[in-house]
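The structure appears below as structure tokens.
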Amino acid sequence: MDAFIQQLNNSMADLVDRTRRSLVQITNGQGGSGAGTIWHPDGLIITNAHVIAGHGDLLVTLYDGNRYPAQVLAEDPTHDLAALSIVAADLPTIEPGDSQQLHAGQWVMALGHPFGVLNAATGGVVIGMGQQLGDIQFRNGADWLAVNLKLRPGHSGGPLVDAQGRLIGVNTIMNGPEVGVAIPVHVVKAFLKTHLGTPQKQAV
Numbered sequence: 090m091d092a093f094i095q096q097l098n099n100s101m102a103d104l105v106d107r108t109r110r111s112l113v114q115i116t117n118g119q120g121g122s123g124a125g126t127i128w129h130p131d132g133l134i135i136t137n138a139h140v141i142a143g144h145g146d147l148l149v150t151l152y153d154g155n156r157y158p159a160q161v162l163a164e165d166p167t168h169d170l171a172a173l174s175i176v177a178a179d180l181p182t183i184e185p186g187d188s189q190q191l192h193a194g195q196w197v198m199a200l201g202h203p204f205g206v207l208n209a210a211t212g213g214v215v216i217g218m219g220q221q222l223g224d225i226q227f228r229n230g231a232d233w234l235a236v237n238l239k240l241r242p243g244h245s246g247g248p249l250v251d252a253q254g255r256l257i258g259v260n261t262i263m264n265g266p267e268v269g270v271a272i273p274v275h276v277v278k279a280f281l282k283t284h285l286g287t288p289q290k291q292a293v
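Each position in the sequence shown, counted from 1, maps to that position plus 89 in the numbering used here.
Structural data, given as structure tokens:
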């Protein structure tokens, strides 16, 4: 049993180390900050619309510490999504998963910068996905992903990954004290198709 637990711990640590290389920090020039997820090696980044609210001078900091000014390509406050661009190449991305095949109880991890702690991770399980889950009423009629992990300021816009390290969502908000809410990756793809015409631009 001890060997199994050690192997599990090592696997989770490796997963975090691998995926957080695609995690970025975004500052808006107005004292606010959040996270983002590298979607394409050529500098396309996904985050929450509320992270860049008011825009200002957006600055993206990569995992290696390099900083780049960012341009807003598209934003959709209704679905709380935004696409940014930085002038960079060969950036690491996270393989996309199939968020429409998720089931309650599956293990997930959220990456971000909670309270300024850089490249942090927290874990939990899927509660469910849909437009409404029990008493949890989501806005705008789109699918939302509910997970039992605690998202904090600085998690917003960061990647939500499954146990294989695949991107299944974008961290967004808390709904009550125990329910984190994320935007499923299939909704992200639809956003990119609508606004940029590139739903499958992510490298795998």
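The beta carbon of each residue, even a glycine, is placed where N, CA and C say it ideally should be.
Residue range D91 to T108 is occupied by the alpha helix (DSSP H) that includes L97.
In this structure, DSSP gives P203 a helical state, which the three-state scheme calls helix. Between E267 and H202, the alpha-carbon positions lie close to 19 Å from each other. Residue nearest to P130 within the set A178, G258, G145 and G205 is A178 (criterion: CA-CA distance). When beta bridges are read from the DSSP output, D251 appears opposite V197.
Residue nearest to L147 within the set G219, G120, T211 and T167 is G120 (criterion: CA-CA distance). Cβ neighbours of S245 within its own chain (closer than 8 Å, five residues either side excluded): G123, A124, T136, N137, H139, V140, G201, N260, T261 and I262. Counting C-beta pairs with one atom in each stretch, the segment 186 to 199 and the segment 207 to 223 have three or more that are closer than 8 Å, which means they touch. With a cut-off of 8 Å on Cβ pairs, the segment 143 to 161 is not in contact with the segment 238 to 256, counting fewer than three such pairs.
Here H192 is exposed. Its C-beta has fewer than 16 other C-beta atoms within 10 Å. Beta-bridge annotation (DSSP): S122 is paired with T116.
Judged by DSSP secondary structure, A279 falls within the alpha helix (DSSP H) whose first and last residues are V274 to H284.
Residue pairing by DSSP places S174 opposite L133 and Q160 in a beta bridge. Within the same chain, Cβ atoms closer than 8 Å to the Cβ of G186 are found at V250, D251, Q253, R255, L256, I257 and V274, the five residues on either side in sequence being excluded.
The beta-carbon separation of T126 and I183, rounded to 7 Å, stays under the 8 Å limit for a contact. With contacts defined by Cβ atoms closer than 7 Å, A159 and L173 form a contacting pair. DSSP places V140 outside any beta strand (DSSP E), giving it a letter other than H or E. Within the DSSP secondary-structure output, I262 pairs in a beta bridge with V270.
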